[in-house]
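A.B. asks: Residue numbers (full-length UniProt numbering): 1 to 137.
In this text, a Cβ means the ideal position worked out from N, Cα and C, and glycines have one as well.
My questions will all concern the structure given below.
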Amino acid sequence: MQVEAPNIKKWNVIYPVYINSKKTVTEGRRVSATKACENPTCIEIGDCCSYLKVPFAIELDKAYSRDFMQRGRVRVLLKREDGSLYNTDIGSKKQLMLRVAELIPKHHGRTKKQEPANTSTATTGPSKSGKGGKKKR
Numbered sequence: 001m002q003v004e005a006p007n008i009k010k011w012n013v014i015y016p017v018y019i020n021s022k023k024t025v026t027e028g029r030r031v032s033a034t035k036a037c038e039n040p041t042c043i044e045i046g047d048c049c050s051y052l053k054v055p056f057a058i059e060l061d062k063a064y065s066r067d068f069m070q071r072g073r074v075r076v077l078l079k080r081e082d083g084s085l086y087n088t089d090i091g092s093k094k095q096l097m098l099r100v101a102e103l104i105p106k107h108h109g110r111t112k113k114q115e116p117a118n119t120s121t122a123t124t125g126p127s128k129s130g131k132g133g134k135k136k137r
């Protein structure tokens, strides 16, 4: 349900940092670490918004102001022009962030990535014996 509208600048913005459990509050996280998810992407947030029937637009060329290496953001529209909600379960930006953070660990892209890792066996490399580390000066 990705919608292009001329008034997209008035939509709410969600950066992946807002729901990243690896970040601190000072780095930009806005939900509790226990409810946040690990390293979300804009695409995953967009997929969750689509699942929740909330109009969204992904802006990959934008960067988070506190960390310009963090690329991308998602714009969401919670209310219609008449003031009614698109999804009656989600009344605020905070509620949307919490629901998205719940859904991302179940995202099909993440579950597919984890399956091969569980079936493979870890092999240990050759152990180093003898000298190693820094050289003496």
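Would you mind sorting Arg73 into buried or exposed? The rule is 16 or more other CB atoms within 10 Å of its CB.
C.D. replies: Residue 73 sits at position 73 when you count from the first residue of the sequence shown. Arg73 is buried by the Cβ-count criterion.
A.B. asks: Closest to Cys42 by CA distance: which of Val54, Pro16 and Leu52 is it?
C.D. replies: Within the sequence shown, the letter at position 42 stands for residue 42. Answer by Cα proximity: Pro16.
A.B. asks: Please look up how many angstroms separate the CB atoms of Cys48 and Ile104, rounded, as I've assumed it's under 8 Å.
C.D. replies: Position 48 of the sequence shown, counted from the first residue, corresponds to residue 48. Position 104 of the sequence shown, counted from the first residue, corresponds to residue 104. Confirmed, Cβ separation roughly 6 Å.
A.B. asks: Near Lys35, which residues of its chain fall below 7 Å by C-beta distance, leaving aside the five closest residues on each side in sequence?
C.D. replies: Within the sequence shown, numbered from 1, the residue matching residue 35 stands at position 35. Closer than 7 Å at Cβ, skipping near neighbours: Leu98 and Ala101.
A.B. asks: Grab me the residues of Ser120's own chain with a C-beta within less than 7 Å of its C-beta, minus the 5 sequence neighbours each way, in chain order.
C.D. replies: Working through the sequence shown from its first residue, we reach residue 120 at position 120. Because the pLDDT at Ser120 is just 48, under 50, the model does not fix this residue reliably, and the value given afterwards should be weighed accordingly. Here the set comprises nothing.
A.B. asks: Please list the segments of the alpha helix (DSSP H) lying wholly inside the stretch 35-69, counting only runs of 4 or more residues, in order along the chain.
C.D. replies: 42-51, all fully within the stretch 35-69.
A.B. asks: In chain order, what residues of the same chain lie with their CB nearer than 6 Å to the CB of Lys93, ignoring the 5 residues before and after it?
C.D. replies: Reading the sequence shown from its first residue, position 93 is the one you call residue 93. Taken in chain order, the residues that qualify are Asn12.
A.B. asks: When you compare only the Cα positions, how much space is there between Arg110 and Glu38?
C.D. replies: In the sequence shown, residue 110 corresponds to position 110, counting from 1. In the sequence shown, residue 38 corresponds to position 38, counting from 1. Arg110 and Glu38: Cα-Cα distance of roughly 11 Å.
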